[in-house]
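Engineer: Here's a structure for you.
Residue numbers (the working numbering), protein chains in the order written: chain B, 1 to 303; chain G, 1001 to 1172.
Now the structure itself:
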């Protein structure tokens, strides 16, 4: 370490006297205990809902389908309530108006308050792409200054506008064969289509552009889940739903994520803030795992 | 038993609080906001204390929580919100010149120009003396990313601080 760096280190540690502390240890303990109780309550509620097999509505769920506006932007206008982002979460707003021949939707869409995605592929998966819709105010992780350093480096190029709104081509620097188109489907609201086709880079771009031009952003496609959390901790709401393949039980499980704020989820395998409740359907067993709690619960088989 | 565990937490906070507060101050450049970050980070740690206290390196865990609290709060636009405080914010401390670095206020201003994650890397590496690998674990990224962010942050800091020195020199 050179002198300059050593100087920086000393300076950081010797920055003058600190003012009196505002850290309130009593409040740390009170708030901490409240959170522990709330987390335990969420487990109990989740277990109850799963065992009963009842599709109990989440708080804040209006009961019916969302009422979108003409542009789709109105879908997100009720996002202010609760944690932000799309609300309700379990409704797909996107529907492709055009797909290449032989391509079909994957039955497991990823639904988050901040972003919803659906994957499309043909049988040999030579064409394989994902369409994502971001709620207003949320951006892809590779554009977000807070997360872009953790993401693969991207090459961005200007593209012709779509519907009068800005658009960009992008590709991963290390894997340029996987490319995408990013555009704004509503003011301050992004959408993307990215993946691969058997064609050239130019053909890929033509496909992404056609998909984007024909994309419907005010669809109403409720996505069923095998159980709901009936009583969320104060200030928390459902912010995400993912499907994961449970290798032990050889079946798909549904993961519900609860949190106090919405965020664009990190790639699989990285930590996701909030409480995660994993529901394994089929009437055999269910696991409730709280990512934000020190313990883990496995519930008895559903009888 | 429960009391003993609780007592342990209180003791841990008593000893570590000054360091945590200074780290938070370096991260956000403001003692009041820094204390808010420490408050929230300690609440996170308290919730999991029974498990945390068995960790091999409790300090590393707590620093990780602190840094992520800072990044999370910034990401959520916390810094843009107005918060009421019960006392007037502190004045900048008297600057001290150190090995050619114009200290205090300039350091804080230069740090404030760095992206959040670069600032966090500098605090972990230079304030806490953590290795590249330990910092990578805390930041949940690759060691290569830590190296590149440290290098970029140092280059920016050096340029900003040297500019300040130059301007100060010309003004004299």
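Glycine included, C-beta positions come from ideal geometry on N, C-alpha and C.
Where does the unbroken alpha helix (DSSP H) through residue 1045(G) begin, and where does it stop?
Structural biologist: First-last of the alpha helix (DSSP H) with residue 1045(G): 1031 to 1047.
Engineer: Hey, would you say residue 275(B) sits closer than 8 Å to residue 83(B), going by beta carbons?
Structural biologist: no
Engineer: I believe residue 1146(G) touches residue 1123(G) by the beta-carbon criterion, under 8 Å. Please report the beta-carbon distance rounded to the nearest angstrom.
Structural biologist: That pair is no contact at about 12 Å.
Engineer: Contact criterion: CB-CB distance below 8 Å. Does residue 169(B) meet it with respect to chain G?
Structural biologist: In terms of beta-carbon proximity, residue 169(B) stays away from the interface with chain G, with every pair separated by 8 Å or more.
Engineer: Does the separation of the CB atoms of residue 1120(G) and residue 1058(G) fall below 8 Å?
Structural biologist: no
Engineer: What residues from chain G crowd round residue 276(B), counting only those whose CB sits closer than 8 Å?
Structural biologist: Those within 8 Å of residue 276(B) in chain G number zero; the least Cβ separation is about 15 Å.
Engineer: Does the CB of residue 1082(G) have a neighbour CB from chain B at under 8 Å?
Structural biologist: Residue placement at residue 1082(G) cannot be trusted, given a pLDDT of 35 that sits under 50; the coordinates are not used to answer.
Engineer: DSSP has residue 151(B) in a bridge; who is on the other side?
Structural biologist: Answer by DSSP bridge pairing: none, since residue 151(B) is not bridged.
Engineer: Assuming residue 174(B) and residue 193(B) are in contact, meaning their beta carbons sit under 8 Å apart, how far apart are those beta carbons, in whole angstroms?
Structural biologist: Not quite, the Cβ-Cβ distance comes to about 20 Å (not below 8 Å), so this is no contact.
Engineer: Where are the beta strand (DSSP E) runs, 3 residues long or more, that stay fully inside the segment 84 to 137 of chain B, in chain order?
Structural biologist: 110 to 112, 115 to 121, 128 to 134
Engineer: Could you confirm whether any beta carbon from chain G is found closer than 8 Å to the beta carbon of residue 163(B)?
Structural biologist: no
Engineer: From the DSSP secondary-structure annotation, give me the bridge partner or partners of residue 241(B).
Structural biologist: 111(B), 256(B)
Engineer: Can you find a C-beta in chain B that's less than 8 Å from the C-beta of residue 1126(G)?
Structural biologist: yes
Engineer: By the 10 Å Cβ neighbour count, where 16 or more other Cβ atoms means buried, how is residue 1151(G) classified, buried or exposed?
Structural biologist: With fewer than 16 Cβ atoms within 10 Å of its Cβ, residue 1151(G) is classed as exposed.
Engineer: Give a single yes or no on whether residue 196(B) has its beta carbon closer than 7 Å to a heavy atom of the ligand FMN.
Structural biologist: Absence of the ligand FMN from the depicted structure is noted, as is the absence of any ligand whatsoever, leaving it without description.
Engineer: What would DSSP say about residue 276(B), mapped onto helix, strand or coil?
Structural biologist: strand
Engineer: Would you mind sorting residue 91(B) into buried or exposed? The rule is 16 or more other CB atoms within 10 Å of its CB.
Structural biologist: buried
Engineer: Which residues of chain G have a Cβ atom closer than 7 Å to the Cβ of residue 12(B), listed in chain order?
Structural biologist: 1026, 1126, 1127
Engineer: For residue 263(B), which residues from the same chain have a beta carbon less than 6 Å from its beta carbon, with the 5 sequence-adjacent residues on both sides left out?
Structural biologist: The beta carbon of residue 263(B) lies closer than 6 Å to those of 114 in the same chain, with the five residues before and after it left out.
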